[in-house]
Amino acid sequence: MQIFFDSAFMYGLGRSEELIGEILAETGRRSDVVLATKAAHVVTDSGIKLDNSPVFLIEAVDIALKRLQTDYIDLFYIHFPDGVTPPDEAVGALQRLKEAGKIRAIGVSNFSMEALELANKDGFIDVVQDKYSLIYPELEDDMIPYCKEHGISFIPYTPLASGLLTGKFTANNPPQDFRKERPHFQGQAYLDTIAKVNSLQALADKHHVSIANIVLATTLGIDGIDVVIPGAKSPEQVRANMKTLDADLMHEEVERVRALFK
Numbered sequence: 001m002q003i004f005f006d007s008a009f010m011y012g013l014g015r016s017e018e019l020i021g022e023i024l025a026e027t028g029r030r031s032d033v034v035l036a037t038k039a040a041h042v043v044t045d046s047g048i049k050l051d052n053s054p055v056f057l058i059e060a061v062d063i064a065l066k067r068l069q070t071d072y073i074d075l076f077y078i079h080f081p082d083g084v085t086p087p088d089e090a091v092g093a094l095q096r097l098k099e100a101g102k103i104r105a106i107g108v109s110n111f112s113m114e115a116l117e118l119a120n121k122d123g124f125i126d127v128v129q130d131k132y133s134l135i136y137p138e139l140e141d142d143m144i145p146y147c148k149e150h151g152i153s154f155i156p157y158t159p160l161a162s163g164l165l166t167g168k169f170t171a172n173n174p175p176q177d178f179r180k181e182r183p184h185f186q187g188q189a190y191l192d193t194i195a196k197v198n199s200l201q202a203l204a205d206k207h208h209v210s211i212a213n214i215v216l217a218t219t220l221g222i223d224g225i226d227v228v229i230p231g232a233k234s235p236e237q238v239r240a241n242m243k244t245l246d247a248d249l250m251h252e253e254v255e256r257v258r259a260l261f262k
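1 is the number of the first residue of the sequence shown in the UniProt record's numbering; add one for each residue after it.
The following block contains the structure:
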């Protein structure tokens, strides 16, 4: 089994990539790892701006290769569209890097449906990453079907909806951090979601896993989704997420969970 690392320049302004590179150098296990990273952000004296220009992306890949201490990146994403560079030109630059062997797959992240279609004009995109969870299913209407039709892998981030779908919160114990400002963490919407999440306990018990594992397994059971990126703040959370592999849900169970959140 290969290990999938999802990184980006913005994850610690390059430090995440450096840490991964240090680990790979120490262990010599590059072939056991699928490396994905992203770029688009430029830090300036006046703040952070986005850049998708070919010149920037080519340089960003070279810098990422050095941080990761490798001679190729399995998957390189444009992290965000800059709203200026024609998307197909940006992707074209990555295609040239792919042909040169510096990257092996091309991805875009946080692109609108319109921007994705423009970016994929020449059919070069391999992977799309975007926000998706059972309570944010809008992408099922357009982006996920588009990806399936064009042979593009779709990778969702925040599949646990920032912890809302893990079962760790209760009606009387909502999060007290930045999440409390989000609509799904407020009022009746929050209470309704908590009730739905709690109703998954019986299914979790049946498969001897957690509610979070059931949610992740359901997401992985959706046609067109083969990888998910759940957040983890500790080794314990990483190990807990890995138990999703023990939740071998039947198709009807996947559909029942999905229907619950419609």
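Note that the Cβ used here is the ideal one computed from N, Cα and C, for glycine as well.
For residue i, does the three-state DSSP call read helix, strand or coil?
{"i": "His41", "result": "strand"}
{"i": "Phe261", "result": "coil"}
{"i": "Gly21", "result": "helix"}
{"i": "Ile229", "result": "strand"}
{"i": "Val254", "result": "helix"}
Less than 8 Å separating the beta-carbons of residue i and residue j?
{"i": "Ala204", "j": "Ile211", "result": "yes"}
{"i": "Arg104", "j": "Asp74", "result": "yes"}
{"i": "Pro174", "j": "Lys180", "result": "yes"}
{"i": "Val33", "j": "Gln2", "result": "yes"}
{"i": "Ile229", "j": "Phe154", "result": "no"}
{"i": "Ala39", "j": "Ala64", "result": "yes"}
{"i": "Leu164", "j": "Phe185", "result": "yes"}
Return the Cβ separation of residue i and residue j in integer angstroms, given the expectation that the two are a contact with Cβ distance under 8 Å.
{"i": "Ile20", "j": "Phe5", "result": "5 Å"}
{"i": "Pro156", "j": "Thr219", "result": "7 Å"}
{"i": "Tyr77", "j": "Val108", "result": "6 Å"}
{"i": "Asn213", "j": "Thr170", "result": "With 8 Å as the limit, Asn213 and Thr170 do not qualify as a contact, their Cβ atoms being about 19 Å apart."}
How is the alpha helix (DSSP H) around residue i delimited, first residue to last?
{"i": "Ile3", "result": "Run containing Ile3: none in the alpha helix (DSSP H); it sits in the beta strand (DSSP E), 3–6."}
{"i": "Asp192", "result": "187–198"}
{"i": "Val108", "result": "Looking at the DSSP string, Val108 is not in any alpha helix (DSSP H); the run it does join, the beta strand (DSSP E), is 106–109."}
{"i": "Gly92", "result": "87–99"}
{"i": "Ile214", "result": "211–220"}
{"i": "Val238", "result": "235–242"}
{"i": "Lys121", "result": "No alpha helix (DSSP H) holds Lys121; DSSP gives it neither H nor E."}
{"i": "Val61", "result": "54–68"}
In the DSSP assignment, the beta strand (DSSP E) including residue i goes from what residue to what residue?
{"i": "Gly151", "result": "No beta strand (DSSP E) holds Gly151; DSSP gives it neither H nor E."}
{"i": "Lys131", "result": "127–131"}
{"i": "Phe76", "result": "75–78"}
{"i": "Lys49", "result": "47–50"}
Quick check: the region 48–64 against the region 84–103, are there 3 or more CB pairs under 8 Å? By the Cβ rule, the region 48–64 counts as touching the region 84–103, because three or more pairs are nearer than 8 Å.
Between the region 192–202 and the region 115–122, can you find at least three pairs of beta-carbon atoms closer than 8 Å? no
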